[in-house]
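So the sequences go chain by chain: A and B.
Using this note's numbering, the first residue of the first sequence is number 3, and each one after it goes up by one.
Using this note's numbering, the first residue of the second sequence is number 613, and each one after it goes up by one.
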Amino acid sequence: MKRLIFIILIIIWIVGLLLTRLVGLEKSPISVGFDEASLGYNAYSLLLTGKDEYGTSYPLSLRSFNDFKPALYSYLDIPFIHFFGLNQTTVRTPSAIFGTLSLVFLLLIFMKLSKRSTLVCVIILTIISFFPWRLHFSRVAFEANISMAFFTGVIWCLLNFKKNLFYKVSTILFSVLAIYSYHSARLSIPILLLLFFIDPFSFNFKVFLKHPFEIIKKLWPLFVVIILYLPLFLEFHTSLLLTRFSQTNVFSHYYPFTPHELIYTSNVWLNSLGNPLYYLGGILVGHITAYFSPKNLSLLIYPGVIKSAQAISESGMLGFFGGLMFAIGLVSTFREFIQNKEKRIIIYWILSGIIPAAVTWEWFYPLRSLNIYPSVDLIAGFGLLTVANYFSRNRNMVLKNVYFCIFLLIAFGTSFYNIINEFNYGAWNTSGEFQPGGFKEGVPILISLKSGYKTIYLDTNQAQSYEIFWFYMKYPPKNIQKIAYRRNVPGIEGPPSINFDNFVYKKFDWPNDKYKSDFIYWTTSEVKEDEIKSIKGAKLYKILNPEGNWIASIITKK
Amino acid sequence: MILFVPIFLFLAELFWQIYVNYPPTSEQLNFGVTNYILLWSLRIISFIFIIGTSFFLSKKLRTRIKSYYFILILICPCISLIWMSYPLDALKLFIISGIFYFLTRKNHNYYFAVIITTIAILSLNLGFFNQNPNILKIVSLKQPQSEVNFRFLIEDNLNPNISVPKTLKRLVYNKIFFALRDSVNESLTFFDFETLFFQEIHPLGQKAFVIFFWPEIVIFCLSLWLVMTKKISSKKEFLSILLISFIYFITTNVSTERRLIFSLFPLSIIMAECINQFLKSRSKKTKYGIIFLILLTSYGWLTNYYDRFVRPNFWLDNRPIAYNFFLSYLKTQTLNYSQIIVSENLSESKKYCLFYLKDCSLLKTDNFDLSKNRPNRGVLYIGFTGNFLGQNSENSFPQDANEEIKKRELEILKKTHILDNIANKYGQELFIVQTKDKQ
């Protein structure tokens, strides 16, 4: 009976977490970004035609903007689109579900490592589940979020690896799923398995030289995962699959590393003072340490992050409370991570998750290192435990209870703050950056008008906006597959605009355009109302964003 | 042998300062510096303050560790900047560390020492030096109050929005909660690894002097490992000074590297402990590892030292350089002008003038705009491109600005490019100009 009540309570807990991730997805974040639109539209295309937008049958990677997104997210999205249609909620639902699933894995890991009662672990995990990144990344369609959930699953299975066959098979299954769901896992999963099975902290090189096969034998799960990894390479040419790496790697971006004024030899590598190796070393070490900085984890600092879908309103990944708990957890449990063999997995987890981010050019880019964030949460969880332990040492019962109450009040108050910050303030604060305004509100008007006009001109400053139009218009995928031959060849980044059917991208130029007829203009450029009204037959539709600002215009002329 | 290294480092920094010949800063002029003898005297006094500070904070360290500690302090380019330009910072460090030293010299109650030193920092920063740190705005609840009001306004007008009852919102949308949030956020900026260790390659392009070279972050991590796992003699001292440096950080309102300067001392203490312990280690791997890191740090110092010779203007504040440019010119000329008008962007011209010239009566600062007004004959104009061609909100001016200026009946006597944007909307070219028909 007790067990049944416990199971029911855990189910209620999970449903509660899922609901906070699913509620109001149609309203906040306000609209989809181009990557979300691409994932959703490709799922829609796969559902209707069995092919992606380029006409490739059941691909493992989506060519999308020539960035070859792993296709697993879109496949997972198909059932939701099938039953509930293509909309913001359905495209974000897999992310919400896997964001919740990762918390279940994290709870199991935390229970195993902290050796505390389930109730204490559930309370701590409830606080963690409302950390800003936990909410935000589960409310936006990110392939990285499902990869993170599988990665957390791998950790849980590795902790129980020796128990039985179920965990051995699950380790391989989750590893492969993580690899097939996001780029960075392709590097971090093999590194994690290698580190876990070799265990460098207790590795003896002399023993290895004497019995090399004993150690190699231990690595069998890694070899199985590598074999199951191969179809990805067989589907496309290897160089195409590495497109994303060539677009984002640290080596080509920063070359020659040394400031130009300090280079005094024709071959930069021969610079005795200010050698590029010194600066490259600094960049790599800096990238790694950036992910441990409480400042970076708590505050929103980097412009590259602020203007992307990762932007959490007025907060870093952990927020102020999470950042503080992380700092406490790191200091209080750092020693145990190395000395305790079981807890050592946290170090391997962080190392394997950080390496893909370290070799990309951005200094701090949470999306590429998302696999490490559950471990960061775990450290913050240990921080919460440390604070709770500190209070429990107080002999005065009244004071002890008062301290606990204040602490829980701050912790749950912060959780509530994070929820409303994500729901409404976040929707306002990040609107126009990763949530380009106007499309969601304007497309229904465009659909109602488009049949009556010969040409539809599109003018927006949003890159790859065509994908957002297709998404909100639920444009027939077959029409898009037909124009695949006109699109950029792989290896070149996707074009900012593509003409399709009678939709033509063209810069808004009213002084000349006003003489044309039989067209619709969609534009985000500045439009002067009087100028439009002064032309006979021209009509202006103002598109307002949720803040009430005039963000785009539709102009028609017969 | 090792004792000669600090002397060598001091001489090297002195040589760099003489080579660069950096003009006085506004802070030094406030001390009444009117010539180079006074300027250099002040610099030497500031250096003594820094050495005094280092001494006060290292009393518990054994001789060998102390040598490593002094080397770590002296290789820090930021220390050179402080004694070259910011005497008040040096004085503040000296007073605070002195108080801590005398409180802990005989009495080993560190709690008491930290409390008294904190009171001293607050009195110095908030009272005597009149700093207006961000934390004060937060604690006074003014800033949190306006943030709460703003949030309510925004969220109420958002359409569509996810409705949350106002009474529930009030639980966290109140000035106390926002003050807590803002104070923790402000405190977390203290853990600024990028400014402390990666200034050579700062990701945000922040312009500041190097505090530690990047290889030192590895030594620092090893030191933290030592602090957490082993018994080290200076642990208590390290934690106390770290706490003091945190208080110093949140109660000052200057550039980030100057706010973080106090952290240099506690971090150097544990890094010196770490170097000593690792060098003593029996394991060859550990010994070679730490020697490699020391060599890498030395290479970092050498590279940065060379860099400061090649690009002094990149590292140094460009305002004194701008004043030096036109005042040095005026010093060499016979000033037969009815007036010398200097752009208001160089508002401290009169103060600087007393350092370079004997008579400053002709000098006047004015926000002149010669794109709207005709230049006066017999007047010497000193200003940025925007003063001659009209200001530009994007700070962008034509490549041939010289020709444009010449077209306006003006003669350019001298010009220079200022690397920093010290006059926003006015460009980075500084001109000394007179009318073509001067008489």
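Don't be surprised by glycine CBs; every beta carbon is placed ideally from N, CA and C.
- Residues near B/P924 by beta carbon distance below 7 Å, same chain, minus five either side: For the purposes of this step, residue 924 of chain B is taken as the residue at position 312 of the second sequence. Once the five neighbours on either side are set aside, the close Cβ partners of B/P924 are V632.
- Can you tell which of B/L684, B/P618, B/L623 and B/P636 has the C-alpha that lies nearest to the C-alpha of B/A884? Along the second sequence, read from residue 1 onward, the residue named residue 884 of chain B stands at position 272. The shortest Cα separation from B/A884 among B/L684, B/P618, B/L623 and B/P636 belongs to B/L684.
- Indicate whether B/P636 and B/L626 have their beta-carbon atoms separated by less than 9 Å. Walking along the second sequence from the start, residue 636 of chain B turns up at place 24. Walking along the second sequence from the start, residue 626 of chain B turns up at place 14. Cβ atoms of B/P636 and B/L626: not closer than 9 Å.
- Message: For the stretch 669-684 of chain B against the stretch 860-867 of chain B, do three or more pairs of beta-carbon atoms, one drawn from each stretch, fall closer than 8 Å, so that the two count as touching?
- Response: no
- For a contact meaning CB atoms closer than 7 Å, what does A/V307 contact in chain B? Locating residue 307 of chain A in the first sequence gives position 305, counting from the first residue. The premise fails here: A/V307 is roughly 11 Å from chain B at the closest Cβ pair, so nothing lies under 7 Å.
- Item | Own chain residues within Cβ distance below 8 Å of A/A540, not counting five before or after | Here the question's residue 540 of chain A lines up with position 538 in the first sequence. If we look at A/A540 and ignore the five residues flanking it on each side, its Cβ neighbours are K516, I534, I557, T558 and K559.
- Message: To the nearest angstrom, how far is the alpha carbon of B/V784 from that of A/I422?
- Response: Here residue 784 of chain B refers to the residue found at position 172 when the second sequence is read from its first residue. Here residue 422 of chain A refers to the residue found at position 420 when the first sequence is read from its first residue. Approximately 9 Å between the Cα atoms of the pair.
- Message: Under 9 Å, Cβ to Cβ, is there at least one residue of chain B near A/S30?
- Response: The residue labelled residue 30 of chain A in the question sits at position 28 within the first sequence. So, interface residue.
- Is there a Cβ from chain B that is less than 9 Å from the Cβ of A/S377? Numbered from 1 along the first sequence, position 375 holds the residue referred to as residue 377 of chain A. No - not a single Cβ of chain B is within 9 Å of the one on A/S377.
- Candidates A/N68, A/T22 and A/T525, of which the one nearest A/N490 by Cα: Translated into the one-based positions of the first sequence, residue 490 of chain A becomes position 488. A/N490 has its Cα closest to that of A/N68, out of A/N68, A/T22 and A/T525.
- Query: B/T1047: which of B/E956, B/R989 and B/N1014 sits nearest, CA to CA?
  - Reply: Position 435 of the second sequence holds residue 1047 of chain B. Per the Cα distances, B/R989.
- Item | Bridge partner(s) assigned by DSSP for B/V991 | For the purposes of this step, residue 991 of chain B is taken as the residue at position 379 of the second sequence. Answer by DSSP bridge pairing, in chain order: B/Q951.
- Query: Does DSSP classify B/L1022 as helix, strand or coil?
  - Reply: Numbered from 1 along the second sequence, position 410 holds the residue referred to as residue 1022 of chain B. Looking at B/L1022 - three-state DSSP - the assignment turns out to be strand.
- Message: Alpha carbons only, please: which of B/N737, B/E1041, B/R717 and B/F724 is nearest the one belonging to B/L705?
- Response: To locate residue 705 of chain B, count along the second sequence from 1; it is residue 93. When only C-alpha atoms are compared, the closest one is B/N737.
- Query: Mind checking whether B/L974 and B/S959 have CB atoms under 9 Å apart?
  - Reply: Residue mapping note: residue 974 of chain B aligns to position 362 of the second sequence, counting from 1. Residue mapping note: residue 959 of chain B aligns to position 347 of the second sequence, counting from 1. No, they are not a contact pair.
- Query: Looking at C-alpha atoms only, which residue of B/D978, B/F877 and B/E759 is the closest neighbour of B/F858?
  - Reply: Position 246 of the second sequence, counted from the start, is the residue given in the question as residue 858 of chain B. With distances taken between Cα atoms, B/F858 lies closest to B/F877.
- So which residues on chain B does A/L410 lean against when the C-beta distance must stay under 9 Å? Looking up residue 410 of chain A in the first sequence gives position 408. The premise fails here: A/L410 is roughly 14 Å from chain B at the closest Cβ pair, so nothing lies under 9 Å.
- Query: Using a Cβ-Cβ distance under 9 Å, would A/Y280 count as near chain B?
  - Reply: Residue numbering aside, residue 280 of chain A sits at position 278 when the first sequence is read from its first letter. It does; some Cβ of chain B falls within 9 Å.
- Taking C-alpha atoms, which residue in A/N44, A/V122 and A/F225 lies nearest to A/H84? On the first sequence, residue 84 of chain A is found 82 positions in, with the first residue counted as 1. Taking only the C-alpha atoms, the option nearest A/H84 is A/N44.
- Query: Can you check whether the CB of B/D794 is closer than 9 Å to the CB of B/I750?
  - Reply: Taking the first residue of the second sequence as position 1, residue 750 of chain B is located at position 138. Taking the first residue of the second sequence as position 1, residue 794 of chain B is located at position 182. Yes.
- Query: So, are the CB atoms of A/Y474 and A/A39 less than 9 Å apart?
  - Reply: Translated into the one-based positions of the first sequence, residue 474 of chain A becomes position 472. Translated into the one-based positions of the first sequence, residue 39 of chain A becomes position 37. Going by C-beta atoms, A/Y474 is nearer than 9 Å to A/A39.
- Could you check the C-alpha separation between A/V389 and A/N426 for me, to the nearest Å? Residue numbering aside, residue 389 of chain A sits at position 387 when the first sequence is read from its first letter. Residue numbering aside, residue 426 of chain A sits at position 424 when the first sequence is read from its first letter. Roughly 31 Å separates the two Cα atoms.
- Does the count of Cβ pairs from the stretch 16-25 of chain A and the stretch 443-463 of chain A closer than 8 Å reach three? no
- Message: Classify A/H138: buried if its beta carbon has 16 or more other beta carbons within 10 angstroms, exposed otherwise.
- Response: Walking along the first sequence from the start, residue 138 of chain A turns up at place 136. With 16 or more other Cβ atoms within 10 Å, it is buried.
- Task: Could you check what DSSP says for A/L301 in three-state terms: helix, strand or coil?
- Result: Counted from its first residue, the first sequence places residue 301 of chain A at position 299. Note: A/L301 maps to coil in three-state DSSP.
- Message: Whole angstroms are fine: how far does the CA of A/Y46 sit from the CA of A/V34?
- Response: Here residue 34 of chain A refers to the residue found at position 32 of the first sequence. Here residue 46 of chain A refers to the residue found at position 44 of the first sequence. If you take the alpha carbons of A/V34 and A/Y46, they lie about 15 Å apart.
- Measuring CB to CB, does A/T416 end up less than 9 Å from A/G321? As a first step, residue 416 of chain A is located in the first sequence; it is residue number 414 there, counting from the start. As a first step, residue 321 of chain A is located in the first sequence; it is residue number 319 there, counting from the start. For A/T416 and A/G321, yes; Cβs fall inside 9 Å.
- Task: Using a Cβ cut-off of 9 Å (strictly closer), state whether A/R337 contacts chain B.
- Result: Taking the first residue of the first sequence as 1, we reach residue 337 of chain A at position 335. Yes, A/R337 lies at the interface with chain B (some Cβ there is under 9 Å from its Cβ).
- Item | B/F1043 vs B/K1026 beta-carbon contact at 9 Å | Here residue 1043 of chain B refers to the residue found at position 431 when the second sequence is read from its first residue. Here residue 1026 of chain B refers to the residue found at position 414 when the second sequence is read from its first residue. Yes, the pair counts as a contact, with Cβ atoms nearer than the cut-off.
- Compute the Euclidean distance between the alpha carbons of B/Q1051 and B/F967, then round it to the nearest angstrom. By one-based count along the second sequence, residue 1051 of chain B stands at place 439. By one-based count along the second sequence, residue 967 of chain B stands at place 355. With a pLDDT of only 49 at B/Q1051, under the threshold of 50, the placement of this residue in the model should not be trusted; the figure read from the coordinates follows. Taking the straight line from one Cα to the other gives about 29 Å.
- chain A partners of B/R793, CB-CB under 7 Å? Here residue 793 of chain B corresponds to residue number 181 of the second sequence, with the count starting at 1. In chain order: F322.
- Proximal residues of chain B, C-beta to C-beta of A/V25 below 9 Å: Residue mapping note: residue 25 of chain A aligns to position 23 of the first sequence, counting from 1. Neighbours of A/V25 on chain B, chain order: I774.
- Give the interface partners of B/G901 over in chain A, defined as CB-CB distance under 9 Å, in chain order. By 1-based counting over the second sequence, the position of residue 901 of chain B is 289. Under the 9 Å cutoff, chain A gives no residues; its nearest Cβ is about 15 Å from B/G901.
- Message: the ligand FAD and B/K892: does any heavy atom of the ligand fall closer than 8 Å to the residue's C-beta?
- Response: The ligand FAD is not part of this structure, which contains no ligands at all.
- Does DSSP put B/Q640 in a helix, in a strand, or in coil? The residue given as residue 640 of chain B occupies position 28 in the second sequence. The answer is helix: DSSP assigns B/Q640 an H, G or I state.
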